[in-house]
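K.L.:
When we follow the UniProt record's numbering, the leftmost residue of the sequence shown carries the number 1, and every step to the right adds one.
Beta carbons: idealized from backbone N, C-alpha and C, even for Gly.
What you are looking at is a predicted structure, and each value in this text was computed from that prediction instead of being measured.
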Amino acid sequence: MIVCRDACFTLHTAHTSYQLCADEQGRLLHTYYGARLPDDAPNLRPTRAPHAEAGRRLNLLPFECSAPGTGDFRTPAVLPEYADGSLCADLQMVGAQVTPGKYELPGLPAFRGAEQTLCVTLRDCAGLEVELRYAVFPQHDVITRAAVYRNTGAAPLSLRKASSLCLDFDTRPLDMITLHGKWSQERTPERAPLRYGVQSVGSMQGVSSHAHNPAVALCRPDADEEHGDCWGFALVYSGNFLCEAERSESGNRLVMGIHPHQFCWTLAPGESFVAPEVAMVYAADGLGGMRRCFHRAIRAHLLPERWRDMNRPRPVLLNSWEACYFRFDQDRLLALAEAAARAGIDLFVLDDGWFKGRDADNSSLGDWVADVRKLPEGLEGLCRRLQALGLDFGLWIEPEAVSPDSDLFRLHPDWALRVPGRTPLTLRNQYVLDFSRPEVVQALWEQLHRLLSSCPIRYIKWDMNRKLSDVYSAALPADRQGEVYHRYMLGVYALQKQLTEAFPDLLLENCAAGGGRFDCGMLCYSPQIWCSDNTDARSRLSIQYGTSLFYPPCTMGSHFSIVPNHYTGRTASVEARMACALFGTFGFELDLTGYSPEALAELRPYIDWYRAHGALLRGGDLYWLLPPDAAGSGAAWMVVSPDRDEAAVFAVGDALCGVERASTLPSPPPRLPLRGLCAQSVYEDADGVRYAGAQLLAAGLPLPTLRGDVPAYLCYLRRTADPRTTA
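1. Which residues in the same chain have their Cβ closer than 6 Å to the Cβ of Leu417, if we skip the five residues on either side of it in sequence?
2. As a quick exercise: from Thr720, Trp354, Met489 and Ala513, pick the residue whose alpha carbon is nearest that of residue 728.
3. Alpha carbon to alpha carbon, what distance is there between Arg480 and His51?
4. On the criterion of 16 or more Cβ atoms from any shown chain inside 10 Å, does Arg450 qualify as buried, or is it exposed?
5. Tell me Lys161's beta-bridge partners as DSSP assigns them.
6. Roughly how far, in whole angstroms, is the beta-carbon of Phe586 from the beta-carbon of Thr547, given that I think they are within contact range, below 8 Å?
7. Restricting to Cα atoms, I'd like to know which of Ala612, Phe63, Val216 and Phe409 is closest to Arg312.
8. Taking 8 Å as the cut-off, does the segment 351-370 touch the segment 321-328 (at least 3 CB pairs, one atom from each stretch)?
9. Near Arg5, which residues of its chain fall below 6 Å by C-beta distance, leaving aside the five closest residues on each side in sequence?
10. Leaving out five residues on either side along the sequence, give the residues of the same chain with a beta carbon under 6 Å from the beta carbon of His12.
11. Taking buried to mean at least 16 other C-beta atoms within 10 Å of its own C-beta, is Cys657 buried or exposed?
12. Out of curiosity, what's the CA-to-CA distance linking Glu186 and Leu179?
13. Using DSSP with H/G/I as helix, E/B as strand and the rest coil, what is Arg719?
14. Starting from Ser17, follow the beta strand (DSSP E) in both directions and report where the run begins and ends.
15. So what does DSSP say about Glu575, is it helix, strand or coil?
16. Mapping the DSSP letters down to three states, classify Val236 as helix, strand or coil.
17. Taking the beta strand (DSSP E) that Cys8 falls in, what are its first and last residues?
18. Look at Ala245 and Leu267 and say whether their C-beta atoms are less than 9 Å apart.
19. Count the other CB atoms, across all protein chains shown, that sit within 10 Å of the CB of Leu448; report buried if there are 16 or more and exposed otherwise.
20. Per DSSP, which one or two residues make a beta bridge with Gln528?
21. Between which two residues does the beta strand (DSSP E) carrying Val120 extend?
22. Using the beta-carbon count (16 or more within 10 Å), is Ala41 buried or exposed?
23. Secondary structure at Lys467, three-state DSSP: helix, strand or coil?
24. Considering only the beta carbon of each residue, do Leu254 and Val201 sit closer than 9 Å?
25. Determine, using beta carbons only, whether Lys356 and Phe328 come nearer to each other than 9 Å.
26. Run through the DSSP bridge pairs and tell me what Ser203 is partnered with.
27. Going along the chain, which residues of its own chain have a beta-carbon closer than 8 Å to the beta-carbon of Pro156, five neighbours each way excluded?
28. With a CB to CB cut of under 6 Å and the five nearest residues on each side skipped, what residues in its chain are close to Leu717?
29. By the 10 Å Cβ neighbour count, where 16 or more other Cβ atoms means buried, how is Cys125 classified, buried or exposed?
30. Do Leu194 and Met176 have their C-beta atoms within less than 9 Å of each other?
31. At 3 residues or longer, what runs of the beta strand (DSSP E) sit wholly inside the segment 269-341?
32. Which residues bound the alpha helix (DSSP H) around Ala475?
33. From the DSSP output, which residues share a beta bridge with Arg150?
34. Whose C-beta lies closer than 6 Å to the C-beta of Arg299 among residues of the same chain, with five residues either side of it excluded?
35. Would Tyr493 and Ser238 be called neighbours here (beta carbons separated by less than 9 Å)?
36. Output the distance between the C-alpha atoms of Leu28 and Leu622, rounded to the nearest integer angstrom.
Below, the structure is given as structure tokens:
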């Protein structure tokens, strides 16, 4: 619901309100974002600071879109450069309009299905026009906003910075929570007070990166998992980004959008630049409330339409990578597939190494034709044999990359990103194709269309194993090289959109050397992303905990793997590894050919359990009962159905499960207080033990004493009409 009154605009969701107002000079100011206001509440306008002269006052105003050069000396959202070399703008409101439905962002990923859109137009006298677009998703307490920059002047202008979000808060202290990491250790939460000055996170790697994630939270210092004011912001973009948080004497400011590093977009008269959108959430019930709002909205409004129904099954897959790496032939694959079929797996995924000449990571990327040495019957023959086993077929590809030793590169060396006169950098023995060029994207489309039309491929894992370097496009003039990074990302989006529209039954899973491009932009085209190359249970607890601050478990590619783990060398129980895999999309990544019939049978109950309760795991509300600690001593979480009729509780680690060691005296099993259940109801576990909801919420669920390395416990609860309790 959007209310417009006296040059003030209030956007209401079920539990939040966001307000902006124009002052007497037409400057658009932010006045409120927080708990729901009454529909007829008076407009909130900024108060004038005592003794503030007009010029100084500009540095105190809470601008909705800040520009430099006219008195606001804080971090700007936009930096225009006019033909005369000036770098300033005084943006004033010239119009506003409310329309039904959701605004469009051509070529960009975005949330879908909003009820209403507010468009506010700001203009500078020299010709820059900024259209701020806001959309409201009332049921999920999400507001999205984006910016369109337009040149209404008579001469060209350049955008050196074109952010998506500028939001000012009052002077009260705030903490900032970011997600940092590296390869195999992605999205570790870091919380720190917002200090005076500017703190920023971002990526200049061409991908959103392992190092930082394009989603941040601001919260009151006393906020925790279930209490306190929290604001979350997720950029719907997968390339270079920058998030700047500034604390000054006038308050706190957050600016978010495309990174200005090597960015410069030229607008001829009449041309526009569309910046990606940001999804915003306010929650009064802590970080848990914030994360659940994001999860619900992403599931309902961002994921590809075919995969938004959480009752729609996702296949249980086996990926060949950790079982075979590059060392396989058709017989080896079929032996692995036969073991997978006996375990009850649905989908066999052939990872890297299947295309011609690919025996290591130093050749053949770009030549997407099956290697007949390894696959004498081609992909078609392998697919037929898998179907005979009752398995669907999936395939790994890396369309954005090209090997120097490949037919594609020998034919089109100019299709790789490279600076003239310089030897390009190879990372993982490969270059990056110039996806800013439509003819490159079209050529890849033709290859992939032939590939996917050759046999029934139900799943694609789209990988991207390196950062962008030597960023220069032979197709653009010198004065437009600042557009390459963004045009590259638009090319990736265009190809993924074309692919999923042409093959609507295809399940696309994105990947970037693990979780190096885990963001809302990718989720618009693929309902799941490989969370990390690290499949160690202890490591995955931390990675998936951080990821879940914004992204729902149903988006996290997560697999059961071998012990000792190939990446960490550590061991963990079957139960712990299964619990971590069930947290996400649930798959397998190990060599099953050495498993005895009894060992394969041990896996089957977990697969059957996932099939029975997958809708709950995908579509339920996540509650962290005990976040993982640095020592890896334990973690606990639960997923509750929206109607609170059923729940799954997971506890992993020594500290939680009352683990019994031969060298120590047994300790009494702990109790784990639950959340999200109905206090007035009775719940029954799989063994028929009944608990009062109030008992589970207050006293907790009793956990068993377990043995083993990293023990784990899984409990399924269902609401029962029988009012009697047995525990």
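P.N.:
Quick answer:
1. Numbered from 1 along the sequence shown, position 417 holds the residue referred to as residue 417. If we look at Leu417 and ignore the five residues flanking it on each side, its Cβ neighbours are Val432, Asp434, Asp470 and Val471.
2. The requested residue 728 is not part of the displayed model; the chain covers only 1 to 727.
3. Taking the first residue of the sequence shown as position 1, residue 51 is located at position 51. Taking the first residue of the sequence shown as position 1, residue 480 is located at position 480. Low confidence applies here, because His51 scores a pLDDT of 49, under 50, leaving its location unreliable; read the following figure in that light. Their backbone Cα atoms lie some 46 Å apart in a straight line.
4. Walking along the sequence shown from the start, residue 450 turns up at place 450. Arg450 comes out exposed.
5. Counting from one through the sequence shown, the residue named residue 161 turns up at place 161. DSSP output for Lys161 lists Leu79 as bridge partner(s).
6. One-based indexing of the sequence shown puts residue 586 at position 586. One-based indexing of the sequence shown puts residue 547 at position 547. Contact doesn't hold; Cβ gap of about 15 Å is too wide.
7. Within the sequence shown, numbered from 1, the residue matching residue 312 stands at position 312. Ranking Ala612, Phe63, Val216 and Phe409 by Cα distance to Arg312 puts Ala612 first.
8. yes
9. Along the sequence shown, read from residue 1 onward, the residue named residue 5 stands at position 5. Closer than 6 Å at the Cβ level, and outside the excluded window around Arg5, lies no residue.
10. Residue mapping note: residue 12 aligns to position 12 of the sequence shown, counting from 1. Answer for His12: Met1, listed in chain order.
11. For this step, residue 657 is matched to residue 657 along the sequence shown. With 16 or more other Cβ atoms within 10 Å, it is buried.
12. For the purposes of this step, residue 186 is identified with residue 186 of the sequence shown, where counting begins at 1. For the purposes of this step, residue 179 is identified with residue 179 of the sequence shown, where counting begins at 1. Their Cα atoms are separated by approximately 8 Å.
13. Locating residue 719 in the sequence shown gives position 719, counting from the first residue. Correct three-state label for Arg719: strand.
14. Working through the sequence shown from its first residue, we reach residue 17 at position 17. For Ser17, the enclosing beta strand (DSSP E) has its first and last residue at Thr16 to Ala22.
15. As a position in the sequence shown, residue 575 is number 575, starting the count at 1. Helix at Glu575.
16. Here residue 236 refers to the residue found at position 236 of the sequence shown. If DSSP states are grouped into helix, strand and coil, Val236 belongs with coil.
17. Walking along the sequence shown from the start, residue 8 turns up at place 8. Cys8 to His12 is the extent of the beta strand (DSSP E) around Cys8.
18. In the sequence shown, counting from the first residue as 1, residue 245 sits at position 245. In the sequence shown, counting from the first residue as 1, residue 267 sits at position 267. Cβ distance not < 9 Å, so Ala245 and Leu267 don't count as in contact.
19. The residue labelled residue 448 in the question sits at position 448 within the sequence shown. Leu448 is buried by the Cβ-count criterion.
20. Position 528 of the sequence shown, counting from 1, holds the residue named residue 528. In DSSP, Gln528 forms a bridge with Glu509.
21. Stepping through the sequence shown from its first residue, residue 120 is reached at position 120. Its beta strand (DSSP E) spans residues Gln116 to Arg123.
22. Working through the sequence shown from its first residue, we reach residue 41 at position 41. Label assigned to Ala41: exposed.
23. Translated into positions along the sequence shown, residue 467 becomes position 467. Lys467 falls in the coil class under three-state DSSP.
24. Sequence index remark: in the sequence shown, residue 254 carries index 254 (1-based). Sequence index remark: in the sequence shown, residue 201 carries index 201 (1-based). For Leu254 and Val201, no; Cβs fall outside 9 Å.
25. Looking up residue 356 in the sequence shown gives position 356. Looking up residue 328 in the sequence shown gives position 328. No, these two residues do not count as a Cβ contact at 9 Å.
26. As a working mapping, residue 203 is identified with position 203 in the sequence shown. Answer is Phe241.
27. Taking the first residue of the sequence shown as 1, we reach residue 156 at position 156. For Pro156, where only same-chain residues beyond five positions count, the Cβ hits under 8 Å are Ala83, Thr266, Leu267, Ala268 and Pro269.
28. Mapped onto the sequence shown, residue 717 falls at position 717. Excluding sequence neighbours, Leu717 sits near Ala647, Tyr683 and Asp685.
29. Position 125 of the sequence shown, counted from the start, is the residue given in the question as residue 125. That one is exposed.
30. Your numbering for residue 194 matches position 194 in the sequence shown. Your numbering for residue 176 matches position 176 in the sequence shown. Closer than 9 Å, so yes.
31. Entirely contained in the segment 269-341, the beta strand (DSSP E) runs reaching 3 residues are, in chain order, 272-274, 278-283 and 317-319.
32. By 1-based counting over the sequence shown, the position of residue 475 is 475. Careful: Ala475 lies outside any alpha helix (DSSP H) and carries neither H nor E.
33. Position 150 of the sequence shown, counted from the first residue, corresponds to residue 150. For Arg150, which the question treats as bridged, DSSP gives the partners Glu129 and Ser272.
34. Against the sequence shown, residue 299 aligns to sequence position 299. Cβ contact annotation for Arg299 (same chain, cutoff 6 Å, sequence separation greater than five): Pro552, in chain order.
35. Locating residue 493 in the sequence shown gives position 493, counting from the first residue. Locating residue 238 in the sequence shown gives position 238, counting from the first residue. Their beta carbons are under 9 Å apart, which means Tyr493 touches Ser238 by this criterion.
36. The residue you call residue 28 lines up with position 28 of the sequence shown. The residue you call residue 622 lines up with position 622 of the sequence shown. Approximately 37 Å between the Cα atoms of the pair.
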